[in-house]
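K.L.:
Structure incoming, see below.
What follows is the structure, given as structure tokens:
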């Protein structure tokens with residue numbers, strides 16, 4: 019499945035990351051092979067397809083051992099728990115995979131703006147499906163569009179707004195354009211832990227958003243009485259060791275992150291050591307907001323970081339930010 023250079027990169031990964039890395043590579047190479055077969059190619063072997071990430075973290079495929087992949091081939095992949103998905107096509111595309119699970123109460127507030135929360139509430143009330151399932155659809159759609167753009171969410175999931183939703187199709191708006199995002203559900207195969215996943219994908223085709231549509235959505239939200247209120251901080255203590263211990267406890271509370279027994283200290287890396295997904299960081303943002311109020315905004319903190327800083331972010335650096343934010347409020 020992997021070529022020589024890919025095997026070396028795989029072997030150099032921490033053991034906890036190897037399975038997901040391999041699952042993603044298998045899914046991506048299978049997606050490319052299926053595309054090439056649909057275009058009339060004969061046998062295509064996995065080792066003839068090399069996969070790496072560019073400087074922004076976006077997957078890039080190239081042909082090796084004489085295999086020509088042609089022009090304009092793009093691939094997007096996602097993995098979650100024991101599953102992985104990928105999409106390949108001639109043109110832009112983005113795909114995401116998320117497990118359907120209950121999230122901390124503050125997660126929705128951290129991930130969605132007031133207009134989205136109103137839409138989410140109306141959608142849940144109109145049917146018999148859970149908020150957990152609908153929120154997972156919203157989140158996966160945001161991620162799919164962010165991947166199609168090649169930017170990621172950048173710590174600002176609220177900038178990618180779901181403005182219309184049904185079970186199989188959502189509309190996401192960002193920076194004056196809109197995307198249609200297809201959506202489906204899939205269960206884990208037999209023999210694996212019982213999980214239900216949402217898969218969301220888009221193949222580009224962004225179109226400008228008319229001003230009249232944006233205004234009508236805002237007006238409907240105001241008529242529904244949706245407002246954004248500041249939360250009251252519950253823990254005013256700004257002591258480094260106390261904050262660090264509290265962040266570690268909140269991380270262990272994250273649903274399905276598998277951190278219940280994890281050793282978490284100042285030097286623990288969110289990316290390499292804890293292997294947190296974007297949705298986990300949003301859940302953490304919600305928990306921090308519940309704990310400390312609006313004085314601590316994880317989304318804004320991450321948005322100011324460069325990609326390499328995000329990858330190297332430690333629990334200690336986050337704790338320092340929280341302490342500084344709390345003390346700045348106390349002094350003002």
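Numbering (my numbering), first residue to last: 19 to 350. For each residue, glycine too, the CB sits at the ideal point set by N, CA and C.
Tell me the DSSP secondary structure of residue 5 in three-state form.
P.N.:
Outside the modelled stretch of the chain, which goes from 19 to 350, sits residue 5, for which no answer is possible.
K.L.:
Determine the burial state of residue 124: buried for a count of at least 16 other Cβ atoms within 10 Å of its Cβ, exposed for fewer.
P.N.:
With 16 or more Cβ atoms within 10 Å of its Cβ, residue 124 is classed as buried.
K.L.:
Whole angstroms are fine: how far does the CA of residue 127 sit from the CA of residue 311?
P.N.:
Taking the straight line from one Cα to the other gives about 12 Å.
K.L.:
Alpha carbon to alpha carbon, what distance is there between residue 40 and residue 63?
P.N.:
Cα-Cα distance, rounded: 16 Å.
K.L.:
Confirm, please, whether the CB-CB distance from residue 31 to residue 46 is below 8 Å.
P.N.:
No, the pair does not count as a contact, with Cβ atoms beyond the cut-off.
K.L.:
In terms of residue numbering, what span does the beta strand (DSSP E) encompassing residue 202 cover?
P.N.:
It spans 195-205 - the beta strand (DSSP E) in which residue 202 sits, taken as one unbroken run.
K.L.:
Exposed or buried, what is residue 229 when buried is set at 16 or more other beta-carbons lying within 10 Å of its beta-carbon?
P.N.:
With a pLDDT of 41 at residue 229, under the threshold of 50, the modelled position of this residue cannot be trusted; read the value that follows with caution. That one is exposed.
K.L.:
Is residue 122 buried or exposed, if buried means 16 or more other CB atoms sit within 10 Å of its CB?
P.N.:
Looking at its Cβ environment, which holds 16 or more other Cβ atoms inside 10 Å, residue 122 is buried.
K.L.:
Grab me the residues of residue 206's own chain with a C-beta within less than 6 Å of its C-beta, minus the 5 sequence neighbours each way, in chain order.
P.N.:
Once the five neighbours on either side are set aside, the close Cβ partners of residue 206 are 213.
K.L.:
Less than 8 Å between the CB atoms is what I'm expecting for residue 273 and residue 100, so what's the real figure, rounded?
P.N.:
Not a contact, Cβ separation roughly 16 Å.
K.L.:
Whole beta strand (DSSP E) runs in the segment 114-189 with 3 or more residues, listed along the chain?
P.N.:
For the segment 114-189, whole beta strand (DSSP E) runs of length 3 or above, ordered along the chain, are 179-184.
K.L.:
Does residue 257 pass the burial test, meaning 16 or more other C-beta atoms within 10 Å, or should it be called exposed?
P.N.:
So residue 257 ends up on the exposed side.
K.L.:
Of all Cβ atoms in chain B, is any one closer than 8 Å to the Cβ of residue 152?
P.N.:
Judged by its chain identifiers, the structure shown contains no chain B, having just a single protein chain.
K.L.:
For the alpha helix (DSSP H) that contains residue 81, what are its first and last residues?
P.N.:
Taken as a continuous stretch (DSSP letters only), residue 81 belongs to no alpha helix (DSSP H), being part of the beta strand (DSSP E) at 77-81.
K.L.:
Can you list, in chain order, the residues of its chain whose CB lies under 8 Å from that of residue 137, leaving out five sequence neighbours each side?
P.N.:
The residues are 180, 181, 182, 183.
K.L.:
Between which two residues does the alpha helix (DSSP H) containing residue 268 stretch?
P.N.:
258-271 is the extent of the alpha helix (DSSP H) around residue 268.
K.L.:
How is residue 42 classed by DSSP in three states: helix, strand or coil?
P.N.:
Helix, per DSSP.
K.L.:
Give the DSSP-derived three-state secondary structure of residue 309 in the structure shown.
P.N.:
In this structure, residue 309 counts as helix in the three-state DSSP scheme.
K.L.:
Flag this pair as yes or no: are the beta carbons of residue 217 and residue 93 separated by less than 8 Å?
P.N.:
Against a cut-off of 8 Å, the Cβ pair of residue 93 and residue 217 comes out as no contact.
K.L.:
For residue 174, which residues of its own chain have a beta-carbon under 7 Å away from its beta-carbon, when the five flanking residues on both sides are left out?
P.N.:
Contacts found: 317, 321.
K.L.:
Can we say the segment 189-196 touches the segment 150-167, given the rule of at least three CB pairs closer than 8 Å?
P.N.:
These segments touch.
K.L.:
So what's residue 93 in DSSP terms, helix, strand or just coil?
P.N.:
Residue state, collapsed to three classes: strand.
K.L.:
Mapping DSSP to helix, strand and coil, what is residue 191?
P.N.:
If DSSP states are grouped into helix, strand and coil, residue 191 belongs with the strands.
K.L.:
In terms of alpha-carbon separation, which member of 204, 199, 215 lies closest to residue 225?
P.N.:
For residue 225, the nearest C-alpha among the options comes from 199.
K.L.:
Flag this pair as touching only if the segment 67-87 and the segment 266-281 have three or more C-beta atom pairs under 8 Å; answer yes or no.
P.N.:
No, because fewer than three Cβ pairs between the segment 67-87 and the segment 266-281 fall closer than 8 Å, the two stretches do not touch.
K.L.:
Taking C-beta to C-beta, are residue 313 and residue 347 nearer than 8 Å?
P.N.:
A contact, by the Cβ cut-off of 8 Å.
K.L.:
At which residues does the alpha helix (DSSP H) containing residue 318 begin and terminate?
P.N.:
Residues 316-321.
K.L.:
Would you mind giving the Cβ-Cβ distance between residue 110 and residue 166, rounded to the nearest angstrom? I have them listed as a contact below 8 Å.
P.N.:
Sure, about 5 Å apart at Cβ, within 8 Å.
K.L.:
Taking all protein chains shown into account, do 16 or more other C-beta atoms lie within 10 angstroms of the C-beta of residue 197, making it buried, or fewer, making it exposed?
P.N.:
Result: buried.
K.L.:
If residue 79 and residue 67 are in contact, beta carbons under 8 Å, what's the gap, nearest whole angstrom?
P.N.:
With a Cβ gap of about 6 Å, residue 79 and residue 67 count as contacting.
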